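Residue numbers (UniProt numbering), protein chains in the order written: chain A, 1 to 459; chain B, 1 to 459; chain C, 1 to 459; chain D, 1 to 459.
4 protein chains.
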Amino acid sequence: MCGIFGIYSHEKSNIVKKVYYGLYALQHRGQEGAGIAVGNGKEIGFYKGLGLVPEVFSNKELQNLYGHIGVGHVRYSTTGRNTIENCQPFVVNSSFGKIAITHNGDIVNSKELKHELEKKGHIFVSTTDSEVIAQLLVRELLKNDDIITAVTNVTQKLNGAYSLLIIYDDTLIAIRDPNGFKPLCIGKDDGAYYFSSESCALDIVDVEFERDVAPGEMVVVDKNGLNTYKLPNAKEKASSCMFEYVYFARPDSVIDGVSVYEVRRNIGKILAREAPEEVDIVSPVPDSGIIFSQGYTEEAEVPYYEALIKNRYIGRTFILPTQEERDLAVRLKLNPVKYLLKDKKVMLIDDSIVRGTTSGKIMKMAKKAGAKKVHLRIGSPRIISPCFYGIDMATTKELIANSKTDEEIAEMIGADSVAYLSIEGLVEAIGRDDLCLACLNEEYPTDVSCKFECGNCKK
Amino acid sequence: MCGIFGIYSHEKSNIVKKVYYGLYALQHRGQEGAGIAVGNGKEIGFYKGLGLVPEVFSNKELQNLYGHIGVGHVRYSTTGRNTIENCQPFVVNSSFGKIAITHNGDIVNSKELKHELEKKGHIFVSTTDSEVIAQLLVRELLKNDDIITAVTNVTQKLNGAYSLLIIYDDTLIAIRDPNGFKPLCIGKDDGAYYFSSESCALDIVDVEFERDVAPGEMVVVDKNGLNTYKLPNAKEKASSCMFEYVYFARPDSVIDGVSVYEVRRNIGKILAREAPEEVDIVSPVPDSGIIFSQGYTEEAEVPYYEALIKNRYIGRTFILPTQEERDLAVRLKLNPVKYLLKDKKVMLIDDSIVRGTTSGKIMKMAKKAGAKKVHLRIGSPRIISPCFYGIDMATTKELIANSKTDEEIAEMIGADSVAYLSIEGLVEAIGRDDLCLACLNEEYPTDVSCKFECGNCKK
Amino acid sequence: MCGIFGIYSHEKSNIVKKVYYGLYALQHRGQEGAGIAVGNGKEIGFYKGLGLVPEVFSNKELQNLYGHIGVGHVRYSTTGRNTIENCQPFVVNSSFGKIAITHNGDIVNSKELKHELEKKGHIFVSTTDSEVIAQLLVRELLKNDDIITAVTNVTQKLNGAYSLLIIYDDTLIAIRDPNGFKPLCIGKDDGAYYFSSESCALDIVDVEFERDVAPGEMVVVDKNGLNTYKLPNAKEKASSCMFEYVYFARPDSVIDGVSVYEVRRNIGKILAREAPEEVDIVSPVPDSGIIFSQGYTEEAEVPYYEALIKNRYIGRTFILPTQEERDLAVRLKLNPVKYLLKDKKVMLIDDSIVRGTTSGKIMKMAKKAGAKKVHLRIGSPRIISPCFYGIDMATTKELIANSKTDEEIAEMIGADSVAYLSIEGLVEAIGRDDLCLACLNEEYPTDVSCKFECGNCKK
Amino acid sequence: MCGIFGIYSHEKSNIVKKVYYGLYALQHRGQEGAGIAVGNGKEIGFYKGLGLVPEVFSNKELQNLYGHIGVGHVRYSTTGRNTIENCQPFVVNSSFGKIAITHNGDIVNSKELKHELEKKGHIFVSTTDSEVIAQLLVRELLKNDDIITAVTNVTQKLNGAYSLLIIYDDTLIAIRDPNGFKPLCIGKDDGAYYFSSESCALDIVDVEFERDVAPGEMVVVDKNGLNTYKLPNAKEKASSCMFEYVYFARPDSVIDGVSVYEVRRNIGKILAREAPEEVDIVSPVPDSGIIFSQGYTEEAEVPYYEALIKNRYIGRTFILPTQEERDLAVRLKLNPVKYLLKDKKVMLIDDSIVRGTTSGKIMKMAKKAGAKKVHLRIGSPRIISPCFYGIDMATTKELIANSKTDEEIAEMIGADSVAYLSIEGLVEAIGRDDLCLACLNEEYPTDVSCKFECGNCKK
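Rendered as structure tokens:
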């Protein structure tokens, strides 16, 4: 995941607070680190740290930053340890002055590119793709000091997913990879252009959504305004990540013209059609299952209840319970409403089943609360193959759907039935035919073969 | 508000962690302070502090506490400054050893009692009712060292709302005032008795709900088991606070046999009947309006959407925005889903309108997002009179309903219509006739006349 | 120990910052807690917490306090656990309004007084003598509302050491017990009177030292100026604590007309005469031995070196070393200068030997650094009996001098000789005959017999 | 300044705790940041942060590091902002694996080297010399993969001061620049070799001092033991920084065979001879003047007193006083002992006069305390020229000695006389003829001309 946000103010007003608010609105895309770099056309100042946006930035840190061009990043760690070195923006000093880069996505061939650069004497202080891109960019600039040409040349070497925001001199550059894996959109008000991973952040800083950056498009904003360029390898047809609609993005965002909220509601409706079951009530596993369940209730005409109550005060300072207290810990986060479940046939809707442990505890709690039957529906198809474009492997590898049938899972977790959304259902729910479904059907939009035999390679 | 939780373990096991988890489940009843006192039959250890339960207690503080009798408290400041002195449990040393008291509610005549005690030479370090009760209790014990008699005598002097948990020697005493203003219930497992402001906390520590403490009942647990006593002034008919159902309690709690969740759903249905309006969608103002809206959707057969998205990461470390950034701050917390609102007639449901400022901003955002009509329904009747039994005056005093008609409010906040729940509707939704409705109809269940002319009296 | 500081400003200026600086200058008298209470003639505000003065108070806390009468306290825990309840000032509300009390010393009969009060129905939230005094004071005020009479009557019940500062109405009262155990002095500038445990704090707030409060004197400052009263039981001859000169007070303080610096230098000279030894250099064990050593060098005409270097950065956040790292930890705090010690006969001077463990490690380090001989002199006589007037028992009980001869100690710690200052030498060094020497010669200036057989009594 | 510490353990034991303690002992050399890198022959782990060693490292951070080769650094910011990027060790990934570098000193031509590297496409994330060295090293390794040759080649490009510790593979390399500007010494115990900026840190980890690294020496430790190499450009005669003896180093260190303590004592003696004055007492301005004053007292036969008492509790959390409180703030840190100063002719000894403000306040306080005469002696010669080898320019630029005579300074600060140590006196006190005295006499041991006209260049 990760989220990026950028601004170029033609009025030369200080945009640091707006970048901060933009990142706050994108906090759901990454909670492990945050950073902001701000340029004034000459110098670039920056600050970054581990944690949530308001943990990293107090007024003090914001006051030290000043400029009319800004980029920010919230970090979700896919590759590399969660250290401050791996936080973004990645800011470097070079022969061409300071450059700041933020990146959302995963470069499939970053390891190859890194090896080649290392063989030429380059060194790396982080494990981020941004650093690889920075090194490539400076090398291209040495060959050709036109930034447009240089950035274009860099993109021709990259294989994978990248939505990028780059500050260089008095220029802000936004790029979406040729497949358009990750979202990136443009906002505008009287004085400035805005770029954001999701449109919800534009809403929040009260800026009009202008349009999505097209797959394979490079947008360049400088004092003369906005110009757009098409990357030579831009694809005819995009391969946008379906997971943005299902899970990652905020429901108030619209990605490539499709409302995330509507997709999730559609999924709920399709689930009701694809795997119907006679039940008394439908209830989400909060928070992910909420909108799916609203669609389900509409289609199946079964009353909607929130029969599992989430404790809103559970935070990261929670004292880790002893082994014996584990069940208690799940219940502390999620308590079944006995009154609603007693003697009822219940449909629960969640977004995934990871190892099955938590799902199993939820089933057990629901049954103990008196539910006669508990059925589980999953608002995403089965994930069967790794993602090389930015989703955490550790998580998908453990997905129970890789190795078990619905019936086996149901038995294992103690549900009366389990069903996943079909791939066709997902495509129908989104209403687009230009999606990346590689983790569902193993059809990768780019070459993902690995040239290394290292074993601990990400592939 | 405030929440209290207590345990007496007959197996003499250390109950401090369970009190901690119980308080965690009651966190919604008070976020300003927390404390735990633990007794072993002789000594009482305690720790308290300002902030949320996990902010006050780390493993270190919990490890310093050990015993088989425990009481805990989460603080919501009604009277007095938010200082550590005003946090509970209130633990004192006396001629009769250590005593720990936790209190939920407000004693109407505490000021008179305090003055009388002061005239007899007593001094006070806090502004809590608990300290008044502690002083009265020790005086009664001097007259009659039977704790049951002494506590009974104390209660005969108290006018107002009090759910109390008291540790004395090897005894845990639980009392609910004669009117039963505030909830208090009993749980039980093989080895221990539990007391909690709400049944949800019993669920969470995985203990069976036994029954509610009756209005005017005193329950005494010691090594011989549980005994119950009826206070001499116990009322025939209770006057339970209706706000517990409407707003305070967690929806997974059942109070005096009535499910909080069901009450809120009923309110939504009744709102749909009492003030119908032709709309395309109904949406809650999160989080308070969610269950009301689910009832509304069922009754009015209008689709349910969550058209205002709450940012789950907004916490207390949020940087205060400048005056110009205030609108932005509301939007950061609550963003309208344009896709859902555009060209729609919308019904929003909230639990109250305080000053009208936030409601006004929400109406404005909804209209800007494209809503054709925005109607507002409030899931509680109009509050017209102060509460002397434990609800913050500062808040009710500012309630806009005191002085304006529905139409005036609608105009002020920019809504197309506004309607509150009727008192009859509320009573129907709860299904009880033994409620305190004083803040709605000025019929106070106890004498609330004030003997002082001080001006800064709470009355 | 503990330190107290107070101000009454006739110009009605806000004195909170000055109390803060005064406490900062008294920080050496107590590092476990700090508090300030400020009155405006009507209300008293206060704040207190655990830790050093600058840890407890930031600008935020100071800004919440405002008034022209103030008292402050730094806490060193003699009796009771180190909890916030035991921090001072102790502020109470009573029939006579708010009262704030700070206390330095130990009341010998506080336990008896507390029991008597408890029998009358009083309760206690702390284990401080200040709370006992507060309760007694309010009872006396009920009998006789003249504060002078009431305070006088209270003092007649107290046995032990007490330097007190009390805010009552628009009055600041300073009292030094009849024996004058603990120091207390008065400062004055154009607009205000100041009271401080030590004169150094007057220097630091740039106020002229006026005089010491006399033993058995009560000084009362109100809008009419300063008045003085003699307690009925004021002693003819004081019994001032000799430890203030030897160890507690800052060297820049003058107590009862005698310079602390000069006393310590005298001690060094007398040590040189009482237990001479042929050595090449004299060196302090820092920091306590520094001024003793300067006196020694002058008398013995032996060069002065600081041959043990203290690491100024060792603070309380130090990571506790494992058992194997203990020697390393001592060396981290105190490193011998090999260059100075090699092949030398060395005289080290310290202020005490507690368990002998640290002294033993120092001797070992000095020998390992090449010292031919290492002699140790102690700048205080042997302590053989507990103090009931305010010095920590835990420490004195473990003092090695209780049970071993100089020769035995020398052998145990690996020194070539050990000698303590004689009692006569101490008296000569101070130059006063009105000292409390009870811990040295068991002659207690007040009755210290205990009426309780409890075992865990402080006596 | 800055301090570095390194270990290679042949027993393969985990050395991270020892590096931590070593850094603790070098804390006086830098308080702005700290870091440790630990290698196991393959991987290098590291952690660094802003602040004091115990602020940066808790047990948690130390437990995450494990290996038998370690280097650590305490940071004092000479060049560049105080950010985490500028903390050391500087750890990079390269074609040759991970490399960790720590550096004490200042590379005069780092700007030129950086520009050359940037022109070849290298980028920089920090402003440290360590990063320049890292980039040069990797380029050399590409040409010649023998690490000894590569490091040697790098040093031939460096002009300036550098004591370096480098981890590469299973090798620890220690280098002292050809002039030996900055100290570096070797320790040894049965299982390991140690390297430290100062010998005091070897004492503290209880390791025998072996010898100093010679100017222009490269020491390489690997599994086969220790080997030494002479850099081609090693100078015949060193130019060691005289300030290490006068101010920077701890007195318990011995640098290049000369005791820091003895040098400071000699300086005091020479001051007494060079600028004698009839006084009653001599007193240091603590802490810097203490050892100078001890030498002075011995030579001048004037009694030694510490007439200015330092508050040991003043830390970094100190609340900044308002303008009116500035005098108070100086007195809070440093209080004159009136008893000692009254009617005395006093000699004060300090290590420098920066802007004269603080000195002026000290003079004023001493006079107000009653001193008849106050003379000031400075234990260092006048600094007239900037240092390019690692001392903060900002400080020296403001040194009052640049522009005023002794008499002018005395008048300005209100002293009865002022005198600095002579350069000859300094050389005599140290007893070495191979010193860098450039800041005193403008004779720079290396070319310090600047090739840039940038203006904001460090030269």
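A virtual CB, placed ideally from N, CA and C, is assigned to each residue, including glycine.
Source: prediction; values computed, not measured.
Excluding its 5 nearest sequence neighbours in each direction, M1(A) has C-beta neighbours in its own chain below 8 angstroms: R29, G30, Y76, T78, N104, F248, G390 and I391, listed in chain order.
Annotation for L142(C): S95 place their beta carbon closer than 8 angstroms to its own, counting only its chain and skipping 5 residues before and after. Under a criterion of Cβ atoms nearer than 7 angstroms, the residues of chain D adjacent to G121(A) are, in order, V138, R139 and L142. P232(D) is classed as exposed because its beta carbon has fewer than 16 other beta carbons within 10 Å across all chains shown. Contact with chain C is absent for Y247(D), since none of that chain's Cβ atoms lies less than 8 angstroms from the residue's Cβ. Secondary structure of Y245(D) (DSSP, three-state): helix. Approximately 6 angstroms separates the beta-carbon atoms of T127(D) and N86(D); this is inside 8 angstroms, confirming the contact.
Cβ atoms of V108(A) and L136(A) stay farther apart than 8 angstroms, at about 15 angstroms. Beyond the five residues adjoining it in sequence on each side, A415(A) comes within less than 7 angstroms, by CB distance, of M363, V374, H375 and L376 in the same chain, given in chain order.
By the neighbour-count definition (other C-beta atoms within 10 Å, threshold 16), P276(A) is an exposed residue.
Under the DSSP definition of a beta bridge, V418(B) partners with L376(B). Three or more Cβ pairs closer than 8 angstroms define a contact, and the stretch 210-230 of chain B falls short of that threshold against the stretch 281-293 of chain B. Taken through DSSP and simplified to helix, strand or coil, H28(B) comes out as helix. Judged by DSSP in its simplified three-state form, M412(C) adopts helix. Below the 8 angstroms Cβ cutoff, chain A contributes L328 as neighbours of V205(B), in chain order. Just measuring C-alpha positions, the residue of E61(B), K372(B) and G3(B) sitting nearest V16(B) is E61(B). Put simply, the stretch 111-123 of chain D does not touch the stretch 190-202 of chain D. Fewer than three CB pairs are less than 8 angstroms apart.
It is roughly 53 angstroms from the alpha-carbon of S197(A) to the alpha-carbon of K333(D).
Closer than 9 angstroms at the C-beta level to chain D, one finds these residues of the stretch 64-94 of chain A: T83, I84, E85, F90, V91, V92, N93 and S94.
Closer than 8 angstroms to the CB of V125(B) there is at least one CB belonging to chain C.
Judged by their CB atoms, Y229(A) and V220(A) are nearer to each other than the 8 angstroms cut-off. Residue contact check for Q135(D) against chain A: a CB pair falls below 8 angstroms. The Cβ-Cβ distance between F46(C) and A100(C) falls below 8 angstroms. Across the structure, D252(C) and G160(B) are spaced so that their CA atoms are roughly 59 angstroms apart.
Contact annotation: I4(A) and L50(A) have beta-carbon atoms that are not nearer than 8 angstroms. No Cβ of chain D is located within less than 8 angstroms of the beta carbon of E262(A). Here the alpha carbons of L172(D) and T102(D) stand approximately 11 angstroms from one another.
DSSP places L426(A) in the helix class (H, G or I) of the three-state scheme. Beyond the five residues adjoining it in sequence on each side, Y304(A) comes within less than 7 angstroms, by CB distance, of V282, S293, Q294 and T297 in the same chain, given in chain order. E217(D) carries a strand assignment under DSSP once its states are collapsed to helix, strand and coil. Under DSSP, C436(D) takes part in a beta bridge, and its partners are C241(D).
Your pair G6(D) and F181(D) does not check out as a contact, with CB atoms roughly 18 angstroms apart and the cut at 8 angstroms.
Put simply, the CB of E118(C) is near chain B, with a gap under 8 angstroms to one of its CB atoms. Restricted to the stretch 331-379 of chain D, the beta strand (DSSP E) segments that are unbroken, complete and at least 3 residues in length are 334-336, 345-350 and 373-378, listed in chain order.
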